[in-house]
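Read through the structure below, which is laid out as C-alpha cells, and then see the notes.
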Amino acid sequence: MSVLSNHVTQVSINFINQNLGEVLKRQGYLGTEKTFLIWEAVSQYLNEAAVQKAFDFFSKVPVGSRLAFTYVLKDFITGENLYGQEKIYKKFILKDKIWHFGFDPNQIEAYLNKNGWKLIEDIDYAELGDRYVKPTGRSLGVLEIERMVYAAKNGHSIPVKTGFFEPLKKSFQTML
Numbered sequence: 607m608s609v610l611s612n613h614v615t616q617v618s619i620n621f622i623n624q625n626l627g628e629v630l631k632r633q634g635y636l637g638t639e640k641t642f643l644i645w646e647a648v649s650q651y652l653n654e655a656a657v658q659k660a661f662d663f664f665s666k667v668p669v670g671s672r673l674a675f676t677y678v679l680k681d682f683i684t685g686e687n688l689y690g691q692e693k694i695y696k697k698f699i700l701k702d703k704i705w706h707f708g709f710d711p712n713q714i715e716a717y718l719n720k721n722g723w724k725l726i727e728d729i730d731y732a733e734l735g736d737r738y739v740k741p742t743g744r745s746l747g748v749l750e751i752e753r754m755v756y757a758a759k760n761g762h763s764i765p766v767k768t769g770f771f772e773p774l775k776k777s778f779q780t781m782l
C-alpha cells in the first residue's frame with residue numbers, strides 16, 4: 607500500500623487469489639463513505655470470474671461513489687478483430703497468455719447497470735488523447751483496442767455531460 611495524499615490510497619492485490627473487500631478492509635477501508643475507485647489496466651489480465659468478483663465488491667460501495675477503469679475490447683481478446691495490432695495479440699494473448707478478458711463496448715452499459723453503476727462515459731484512447739492529453743503538450747500512445755469508462759454508483763444524481771477527468775483535475779494537480 608502507498609498513500610499518495612491524505613485521501614488517496616493505492617493498494618496491491620492479486621484479484622485471482624484475494625478478496626478485494628478483505629484486502630481493502632485490512633488497509634482501513636470501511637465502505638461507509640463515497641469512494642473513487644480507479645481500476646486501470648487490470649481487467650484484461652483477469653478471467654471473467656475474477657472480473658465479476660471485483661464488480662461484486664464494486665456493487666457494494668456507497669451511492670455517489672465513482673469508478674474509472676480501462677478495458678481491452680472483447681473482439682480483440684477473442685481474435686475476431688485484431689485492429690492492426692497483430693504483434694500485441696501474438697505477444698499478450700498467444701505467446702505470454704496474460705490477457706484473458708475484454709468487454710464489448712456495446713454491452714458495457716448493461717454490464718454496469720447490472721452491477722449497480724450508471725455509465726457516464728465510455729471513451730476510446732483517441733478521444734481521451736484529443737480531449738485531455740494533447741492540450742497538455744504530452745503524447746499518449748493510442749491503441750484502438752483500449753477504452754476508458756467513468757461511472758457513478760446508481761441512486762445518485764449524475765451530470766451526464768461531465769468530462770471524464772473534469773472531477774479529477776484538482777486532485778491530479780494536488781498530487782503532482
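Read the sequence shown against this note's numbering and you will find it ends at 782, with the numbers running on by one and no gaps. The beta carbon of each residue, even a glycine, is placed where N, CA and C say it ideally should be.
Residue i (DSSP reduced to helix, strand or coil)
{"i": "residue 624", "result": "coil"}
{"i": "residue 756", "result": "strand"}
{"i": "residue 614", "result": "strand"}
{"i": "residue 638", "result": "coil"}
{"i": "residue 677", "result": "strand"}
{"i": "residue 659", "result": "helix"}
Straight-line gap, residue i to residue j (C-alpha atoms, nearest Å)
{"i": "residue 687", "j": "residue 681", "result": "6 Å"}
{"i": "residue 567", "j": "residue 710", "result": "Not covered by the structure: residue 567. The range shown for the chain is 607 to 782."}
{"i": "residue 668", "j": "residue 735", "result": "31 Å"}
{"i": "residue 638", "j": "residue 677", "result": "27 Å"}
{"i": "residue 749", "j": "residue 730", "result": "9 Å"}
{"i": "residue 684", "j": "residue 754", "result": "19 Å"}
For residue i, the nearest candidate out of the options (CA to CA)
{"i": "residue 673", "options": "737, 728 and 745", "result": "728"}
{"i": "residue 718", "options": "675, 693 and 706", "result": "675"}
{"i": "residue 706", "options": "758, 755 and 679", "result": "679"}
{"i": "residue 653", "options": "645, 738, 622 and 671", "result": "622"}
{"i": "residue 724", "options": "716, 731 and 701", "result": "716"}
{"i": "residue 756", "options": "708, 646 and 634", "result": "646"}
{"i": "residue 658", "options": "761, 722 and 753", "result": "722"}
Buried versus exposed call for residue i [16 or more other C-beta atoms within 10 Å across all chains shown]
{"i": "residue 745", "result": "exposed"}
{"i": "residue 616", "result": "exposed"}
{"i": "residue 650", "result": "buried"}
{"i": "residue 632", "result": "exposed"}
{"i": "residue 618", "result": "exposed"}
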